[in-house]
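Colleague: Once you've had a glance at the structure underneath, I'll fire off some questions.
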Amino acid sequence: MRINIIQHTPNERPGSILDWAHDRNHDVYIYHPYQFGYLPKVDETDMLVIMGGPMSVNDDVYWIEFERDLIKELAQRDVPIFGACFGAQQLSKAFGGKITDSPVKEVGWAPVYLKSDVIDGIPAELTAMHWHGETFEIPDNAELLFSSELLANQGFVIGHRIVGLQFHFELQTDNVREIVTNDFNYIDGSVFKQTKEDILAREVPKENKDVMYTILDFISEGK
Numbered sequence: 206m207r208i209n210i211i212q213h214t215p216n217e218r219p220g221s222i223l224d225w226a227h228d229r230n231h232d233v234y235i236y237h238p239y240q241f242g243y244l245p246k247v248d249e250t251d252m253l254v255i256m257g258g259p260m261s262v263n264d265d266v267y268w269i270e271f272e273r274d275l276i277k278e279l280a281q282r283d284v285p286i287f288g289a290c291f292g293a294q295q296l297s298k299a300f301g302g303k304i305t306d307s308p309v310k311e312v313g314w315a316p317v318y319l320k321s322d323v324i325d326g327i328p329a330e331l332t333a334m335h336w337h338g339e340t341f342e343i344p345d346n347a348e349l350l351f352s353s354e355l356l357a358n359q360g361f362v363i364g365h366r367i368v369g370l371q372f373h374f375e376l377q378t379d380n381v382r383e384i385v386t387n388d389f390n391y392i393d394g395s396v397f398k399q400t401k402e403d404i405l406a407r408e409v410p411k412e413n414k415d416v417m418y419t420i421l422d423f424i425s426e427g428k
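The opening residue of the sequence shown carries number 206 in the numbering used here; numbering runs sequentially from there.
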């Protein structure tokens with residue numbers, strides 16, 4: 206399987222998604238449209254992964270709109286798609302949801318709670334990294350998957366092929382360090398009141414990688 210990953214900034218990498226792809230013997234191609242302007246071709250995509258980024262899905266940037274066109278076309282072809290943070294917001298908007306400023310800015314470690322049993326093997330509560338100031342609506346064709354204490358809409362699933370998460374399960378220790386090292390100013394104003402030292406001191410929960418594998422297995426197998 207050819208997995209095309211769209212990365213929107215140098216410091217938000219695929220993390221354990223790459224481990225999953227390699228463990229399942231898939232081929233990975235990573236695109237950087239913010240720098241080079243290129244997106245995957247529909248006919249060359251067996252699975253799409255859309256990463257986070259500092260931009261807004263509401264920005265008037267040509268490749269952001271083209272990315273949503275790609276999502277719609279792949280969904281029509283029943284191609285599995287996973288989106289994290291900005292990627293989840295792109296999925297929401299592609300299927301009719303609105304993206305707005307979040308009533309609270311969530312940056313740092315905080316729990317999320319499972320709201321659906323459609324995917325087997327996910328614990329009822331997990332601790333995830335949050336790094337966002339906007340939030341999405343759950344599209345009409347989607348089911349709520351996760352909520353946090355402060356925001357109801359934290360994740361959704363569409364059928365058996367599409368999952369969008371506002372937060373990050375994919376991050377590993379080096380990924381967290383890279384994000385905090387380069388984007389630490391974004392922490393200011395977070396309701397979590399965590400410093401960059403607080404965030405870096407927290408060990409990445411081992412179960413997050415397991416859950417990432419579970420989600421990717423679910424959408425790739427379509428059941």
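Virtual Cβ for every residue (Gly too), placed ideally from N, Cα, C.
1. Do you know offhand how far G369's Cα is from I222's?
2. Less than 7 Å between C-beta atoms, sequence neighbours within five positions excluded: which residues of the same chain meet that for S395?
3. When you compare each of V323, P285, T378 and T332 to R366 by their alpha carbons, which one comes out closest?
4. Does DSSP classify V368 as helix, strand or coil?
5. Whole-angstrom Cβ separation of E278 and V247, contact assumed at under 8 Å?
6. Can you tell me the Cβ-Cβ gap for H337 and S307, rounded? I've got them flagged as a contact below 8 Å.
7. Report yes if the CB atom of M260 is closer than 9 Å to the CB atom of I269, and no otherwise.
8. Please identify the residue among L349, L253, R218 and P238 whose C-alpha is closest to the C-alpha of V266.
9. So, E342 versus V362, is the Cβ gap smaller than 9 Å?
10. DSSP on I206, reduced to helix/strand/coil?
11. Which of helix, strand or coil does DSSP assign to M417?
12. Based on Cα-Cα distance, which residue from A333, I384, E339 and V323 lies nearest to L350?
13. Just mark P219 as buried or exposed, buried being the case when its beta carbon has 16 or more other beta carbons within 10 Å.
14. Measuring only the C-alpha atoms, how far is L405 from W225?
15. Starting from the C-beta of L356, find all residues in its chain whose C-beta is less than 8 Å away, skip the five residues before and the five after it, and write them out in chain order.
Modeller: With the structure as the only source:
1. Roughly 14 Å separates the two Cα atoms.
2. For S395, the CB contacts under 7 Å within the same chain, skipping 5 residues up- and downstream, are K310, E311, V312 and G313 in chain order.
3. Residue P285 holds the alpha-carbon nearest to the alpha-carbon of R366 among V323, P285, T378 and T332.
4. In the structure shown, V368 sits in a strand (DSSP, three-state: E or B).
5. Confirmed, Cβ separation roughly 5 Å.
6. Indeed they touch by this definition, with Cβ atoms about 7 Å apart.
7. In contact: M260 and I269 (Cβ atoms closer than 9 Å).
8. Out of L349, L253, R218 and P238, the CA that lies nearest to the CA of V266 is found in P238.
9. Result no, Cβ atoms of E342 and V362 do not sit closer than 9 Å.
10. Just to set this straight, residue 206 is Met in the shown sequence, not Ile. Under the three-state reduction of DSSP, M206 is assigned to coil, being neither helix nor strand.
11. If DSSP states are grouped into helix, strand and coil, M417 belongs with the helices.
12. Checking every option, the nearest Cα to that of L350 belongs to V323.
13. P219 is buried by the Cβ-count criterion.
14. Taking the straight line joining both Cα atoms gives about 24 Å.
15. If you ignore the 5 residues before and after L356, its C-beta comes within less than 8 Å of the C-beta of S307, P308, V309, E311, T340 and Q371, all in its own chain and listed in chain order.
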